[in-house]
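Quick notes on the structure that follows.
Chains as they are written, first to last, in my numbering: chain H, 6 to 296; chain W, 363 to 670.
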């Protein structure tokens, strides 16, 4: 009986903290709850929160920013791979480079956002520096303009995430059989071909994992937006995560916030499902290889 | 060995590095230098923001306004650090970031104890004891580990408020423990499942109970994974903003929340060097952990990702 008793707390956490809580939020998204939960659902009008949500310009902006942020910060994976490949080959200074590339991981997204907020500050950061050098038309005040603010957030996200993807890629590269490297050298395969035709295809699972983790991280993007722009200028840098929190804390609208959160959950599931399938497939492959 | 051509998987991955690497065939020295230069440029991109913030935090305010962000301070001063710690204003009060520091510490310890105790026991039970629905439970945990916080936030606020611990460090710690439980359990379970089953069977024959085996056999073998998980949790909890913001109220706000309030939302005069010193004070504890225990740190950060 002891194992069952020991599992009770975890079971309670899963049932109450996750299952019940998710169910509650989904239920609330169908009600007209505002500041306080209201448990009546109008059967003729259960979708009204979703109707309002998708009629809201800020929500449309949030969804668009989600895609922009995902595509932009995908560069972190690209750079992560290039850096991993280079650090792996060039043994010179490997430890130093690794330490430098990985330290942003230890820095919170709030601090990351603030640091980059200052880097983009026209009187304080890069722009002031370039103008001081004599390039008087330099424009780096990205966060102040609605159409460039997202790019500022993307740069900060890349800065923060690059090391993480490098670490994942290094683990992937290290797991590649060393014989492949020497066989490729003996065969005279060019490095370009070695990477594009052998190494990258072998690492497709690592790439997929990185892409999915990145997407899941982007859906959660909240801290960095608060720290860099606080959603502004206007609502131009809102993300779904920011929208949901804002609907709850600023507009005190539980039903509306719940509807936004449910859409976030659906997006997460859409990203997560392939991960679950790929993991299962990878496990089976590894088991087959083990036999 | 798989030699199928790279179709869908990121054919652009090497576009930047291609020429650099191709040259390596002919002139090894030249390409090595090119790679080294590229690595140095990337290292500069990563290192410069920290450098700028550090030097600015030691400058008096007259030097900050000059805009020479890369210059070392002419007159080094600790005043910004002193002000950040003692008198930083957050809109409501001017008690400095120290309030947040002590709140963060008070949140950190119960979070660590709660989450690690819960996850290690659960992971041990799922890995080494025959629990019929273990597979299903692990799959559910796997899903829970990726659920966005917003979907459970409001009901958890209701729950924590009903327990009477909303706005206290205990409320925040409880939420951290709930949020961390799925991932940590998976990490512990993956570690414990490699313990040979014969060892456990022998211990059971030896009339060892569930808890006795955990205490006398499993825990002493867990030093490595404990350090990894400890570092993962220290970084997660210390760097958290959202849980602290939504569950901390005014009195239990952690350091990140106070910092963000001071810099982002407060309407007063903006004092950049003090704000930067406050940001550094917030960033220092996890950075110390990183530089002291780098190897474990990387293991911790990637453990959940790969093994999940």
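Even for Gly, the Cβ is constructed at its ideal location relative to N, Cα and C. Note that the structure is predicted; figures quoted are calculated from it, not measured.
Taken through DSSP and simplified to helix, strand or coil, residue 48 (chain H) comes out as coil.
Non-local beta-carbon contacts of residue 455 (chain W) in its own chain, meaning distances under 7 Å to residues more than five positions away in sequence, are absent.
In the DSSP annotation of this structure, the continuous segment of the alpha helix (DSSP H) that includes residue 136 (chain H) starts and ends at 131-138. Taking C-beta separations shorter than 7 Å and ignoring five residues to either side along the sequence, the partners of residue 539 (chain W) in its chain run 473, 476, 477, 480, following chain order. For the C-beta of residue 91 (chain H), the chain W residues within less than 8 Å are, from N- to C-terminus, 379, 397, 400, 401.
The distance from the Cβ of residue 639 (chain W) to that of residue 442 (chain W) is about 4 Å, consistent with a contact at the 8 Å cut-off.
The beta carbon of residue 439 (chain W) is closer than 8 Å to those of 420, 421, 422 in its chain, skipping five residues each way along the sequence. For residue 220 (chain H), the closest of H:99, H:170, H:184, H:197 by C-alpha to C-alpha distance is H:170. The three-state reading of DSSP puts residue 156 (chain H) in helix, counting H, G and I together. Against chain W, a Cβ distance below 9 Å from residue 225 (chain H) picks out 510, 511, 512, 604.
In the structure shown, residue 437 (chain W) adopts coil according to DSSP, grouped into three states.
With the criterion set as a beta carbon lying under 9 Å from some beta carbon of chain W, the segment 48-60 of chain H has no members that meet it.
DSSP, read as helix, strand or coil, puts residue 447 (chain W) in helix. For residue 211 (chain H), the three-state secondary structure derived from DSSP is helix. Contacts with chain W (Cβ-Cβ distance below 9 Å) from the segment 20-51 of chain H involve 21, 22, 23, 24, 25, 26, 27, 28, 29, 30, 31, 33, 42, listed in chain order. If you look at residue 251 (chain H), you'll find it in the alpha helix (DSSP H) that goes 245-254. Rounded to whole angstroms, the gap between the alpha carbons of residue 424 (chain W) and residue 144 (chain H) is 24 Å. Of H:282, H:264, H:238, the smallest CA-CA separation from residue 157 (chain H) is found for H:238. Under the 8 Å Cβ criterion, the segment 534-551 of chain W counts as touching the segment 9-23 of chain H, having at least three qualifying pairs. C-alpha of residue 502 (chain W) to C-alpha of residue 266 (chain H): approximately 19 Å in a straight line. For residue 506 (chain W), the uninterrupted alpha helix (DSSP H) run begins and ends at 496-506, by DSSP. Residue 102 (chain H) belongs to the set of residues whose beta carbon lies under 9 Å from a beta carbon in chain W. With the rule of 3 Cβ pairs closer than 8 Å, the segment 218-232 of chain H counts as touching the segment 110-124 of chain H.
Relative to the Cα of residue 53 (chain H), the nearest Cα in the group H:65, H:64, H:36 belongs to H:36. One finds 480 in chain W with Cβ atoms closer than 7 Å to the Cβ of residue 14 (chain H), taken in chain order. In this structure, residue 64 (chain H) keeps its C-beta atom at 9 Å or more from the C-beta atom of residue 277 (chain H).
Per DSSP, the unbroken alpha helix (DSSP H) holding residue 485 (chain W) starts and ends at 460-490. DSSP, reduced to helix, strand and coil, places residue 519 (chain W) within a helical segment of the structure shown. For residue 39 (chain H), the three-state secondary structure derived from DSSP is coil. DSSP places residue 456 (chain W) outside both helix and strand once states are collapsed to three, so it counts as coil.
Approximately 5 Å separates the beta-carbon atoms of residue 599 (chain W) and residue 470 (chain W); this is inside 8 Å, confirming the contact. With a minimum length of 4 residues, the unbroken runs of alpha helix (DSSP H) contained wholly in the segment 46-127 of chain H fall at 53-59, 62-94, 99-107, 114-125. Cβ proximity to chain H below 7 Å picks out 480, 483, 484, 487, 491, 493 from the segment 465-493 of chain W. For residue 456 (chain W), the closest Cβ of chain H is not nearer than 9 Å.
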